[in-house]
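Asker:
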Amino acid sequence: MAKLSIRSVSKSYGAVSVLDDVSVEVEEGSFVVLLGPSGCGKSTLLHAVAGLNPIDSGSIVIGDRNVTNLPARERDVAMVFQSYALYPTMTVAQNIAFPLKMRGLDRRTSDEKVAGVARLLQIEPLMSRLPRELSGGQRQRVAIGRALVRDPRLFLFDEPLSNLDAALRTELRAEIKRLHQSIRRTMVYVTHDQTEALTLADKIVVLKAGRIEQTGTPLSLYDDPDNAFVAGFIGTPRMNFLKAVVVDDGKTLTVGEARVDISHLKTRLESGKTVTLGIRPEHLDEKQGVALSLAVDVTERLGSTSYVHGALPSGETVVVERREDQPRFGESITLRFQPKRARVFDEEGRRIR
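In our numbering, the protein residues as written are 622 to 974.
1) Do residue 630 and residue 656 count as a contact pair if the criterion is CB distance below 8 Å?
2) Alpha carbon to alpha carbon, how far is residue 736 from residue 664?
3) Which of helix, strand or coil does DSSP assign to residue 695?
4) Among the residues of its own chain, which have a CB less than 7 Å from the CB of residue 720, if the five just before and after it don't count?
5) Return the Cβ separation of residue 872 and residue 882 in integer angstroms, given the expectation that the two are a contact with Cβ distance under 8 Å.
6) Taking the C-alpha atoms as reference points, what is the distance between residue 868 and residue 945?
7) So, do the stretch 839–859 and the stretch 814–831 have three or more beta carbon pairs nearer to each other than 8 Å?
8) Answer yes if the stretch 685–705 comes into contact with the stretch 732–748, meaning at least three C-beta pairs across the two stretches below 8 Å, and no otherwise.
9) Could you have a look at residue 907 and say whether DSSP puts it in helix, strand or coil?
10) Are residue 815 and residue 793 touching if we call contact CB-CB under 8 Å?
11) Under the assumption that residue 807 contacts residue 651 (Cβ atoms under 8 Å), give the Cβ distance between them as a whole number of angstroms.
12) Which residue marks the beginning of the alpha helix (DSSP H) containing residue 765, and which one marks its end?
13) Thinking C-beta only, is residue 886 closer than 8 Å to residue 941?
14) Assuming the contact rule is C-beta atoms closer than 8 Å, residue 874 and residue 973 should be a hit. Round their C-beta distance to whole Å, please.
15) Sort 660, 936 and 775 by Cα distance to residue 672 and report the nearest one.
16) To which residues of the same chain is residue 832 closer than 6 Å at the C-beta, ignoring the five residues directly before and after it?
17) Are there 16 or more other CB atoms within 10 angstroms of the CB of residue 805, so buried, or fewer, so exposed?
18) First and last residue of the beta strand (DSSP E) that includes residue 628?
19) Please confirm if the stretch 895–907 is in contact with the stretch 846–866, defined as three or more CB-CB distances below 8 Å between the two stretches.
20) Which residues in the same chain have their Cβ closer than 7 Å to the Cβ of residue 679, if we skip the five residues on either side of it in sequence?
21) Quick check on the burial criterion: 16 or more other C-beta atoms within 10 angstroms. Buried or exposed for residue 961?
22) Once you ignore the five residues that flank residue 983 on each side, which residues in its own chain have a CB closer than 8 Å to its CB?
23) How about residue 911 and residue 949: do their beta carbons lie closer than 8 Å?
24) For residue 732, collect the residues of the same chain with a Cβ closer than 8 Å to its Cβ; drop the 5 residues on either side in sequence, then sort them by chain order.
25) Rounding to the nearest angstrom, what Cα-Cα distance links residue 722 and residue 713 in this structure?
26) How is residue 622 classed by DSSP in three states: helix, strand or coil?
27) Specify, as a first and last residue, the run of the alpha helix (DSSP H) that residue 804 falls within.
28) Should residue 818 go down as buried or exposed, given a rule of 16 or more other Cβ atoms within 10 Å for buried?
29) Could you check whether residue 876 and residue 670 sit closer than 8 Å to each other, using their CB atoms as the reference points?
30) Among the residues of its own chain, which have a CB less than 7 Å from the CB of residue 812, if the five just before and after it don't count?
31) Which of helix, strand or coil does DSSP assign to residue 678?
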């Protein structure tokens, strides 16, 4: 187990910058998720840590050892891939034991370690099977087992659940969380799925176009985003964004006919300025507060919760989370929210506090 320090790392392919001065600190025993859309550089960064991709500048330190120029085999990390990467002619037991065989470990010790991993992952009945006889979820458990048996200083996960269906993703996500709680090893996990990030991480690093947008705990990113990109990327359904105009010497916003008190903000805004008001779907179902009229278009019923989609008089689309009534298409309903629950962003998407 070790701390990981990624310091001012940059990487380009020709004229295309993939990573731009990225710095991340991963504490010993923590679970850090690199989160972002396709093409943001998250997998490139993970591969750089693993030693699979050289970097142009910066440094990577594992524990107290600078591994920037070391080959992958000398970094003492284990990686779990999206595509499982199991040897098709080997049994589950042989696949898990393969890293130990390559180290020249004696048979008895190897068998003991493999058996321990099998118990931990609850795959003992599968040990004599070949990969083609396993489901996708079982194959990924074996891939995780092969990483575990090495007892590395650092675990790296590259979108390990992307090939699984929704039910299996939920199941494996919980298993990975339990595994981390059990062994408390340092783990870095790459995903584009913000649900995985929110449920697994101690800390999330949000990337966009090779740069870090924000780093923090899942709750801090959800409740206190630094910019509109993070606010919109974290949360399902995403945050609603509404055009607003500053009035009353910077103390009020107008959203259509509604007036929103923003006197609690430390920043005093210029009257007439256009900004963006962000409101989470669950915060539009208050009993009191600023009122907005919504023409209902679609209601998604998900058991105890419904998501109501509709349009404001301005034509802007909104999603609201409702737990009681379930309005129908064509109905007009009143939404209410507390101004302090809303987030304000400038024209460049930066948070106004």
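Built from N, CA and C at the ideal position, the CB exists for glycine as well.
Answerer: In short, the structure shows the following:
1) Taking 8 Å as the Cβ cut-off, residue 656 and residue 630 do not qualify as a contacting pair.
2) Counting only the Cα atoms, residue 664 lies some 31 Å from residue 736.
3) Looking at residue 695 - three-state DSSP - the assignment turns out to be helix.
4) Around residue 720: 767, 770 and 771.
5) Beta-carbon to beta-carbon, residue 872 and residue 882 are separated by about 7 Å, close enough to satisfy the 8 Å threshold.
6) Between residue 868 and residue 945, the C-alpha separation is close to 35 Å.
7) Because the criterion of three Cβ pairs below 8 Å is met, the stretch 839–859 and the stretch 814–831 touch.
8) Short answer: they don't touch.
9) Here DSSP, grouped into helix, strand and coil, assigns residue 907 to coil.
10) 8 Å or more divides the Cβ of residue 815 from the Cβ of residue 793.
11) Contact holds; Cβ gap of about 6 Å.
12) From DSSP, the alpha helix (DSSP H) with residue 765 extends over 757–769.
13) No. Outside cutoff.
14) Not confirmed; about 10 Å, so no contact.
15) It is 775.
16) Counting only Cβ-Cβ distances below 6 Å, and skipping sequence neighbours, we find 641.
17) Exposed: under 16 other Cβ atoms inside 10 Å.
18) 625–634 is the span of the beta strand (DSSP E), which, as asked, contains residue 628.
19) Yes: the two stretches touch, three or more of their Cβ pairs being nearer than 8 Å.
20) So the qualifying residues of the chain are 628, 629, 630 and 631.
21) Classification of residue 961: exposed, given that the 10 Å Cβ count is below 16.
22) Outside the shown range of the chain, which is 622 to 974, sits residue 983, and nothing can be said about it.
23) Their beta carbons are not under 8 Å apart, which means residue 911 does not touch residue 949 by this criterion.
24) The residues are 718.
25) Pairing residue 722 with residue 713, the inter-Cα distance amounts to about 14 Å.
26) Here residue 622 sits in coil by DSSP.
27) That run of the alpha helix (DSSP H) goes 787–804.
28) With 16 or more other Cβ atoms within 10 Å, it is buried.
29) A distance of 8 Å or more separates the beta carbons of residue 670 and residue 876.
30) Take residue 812, set aside five residues on each side of it, and the residues of its chain with a beta-carbon closer than 7 Å to its own are 654, 656, 780 and 818, in chain order.
31) Strand.
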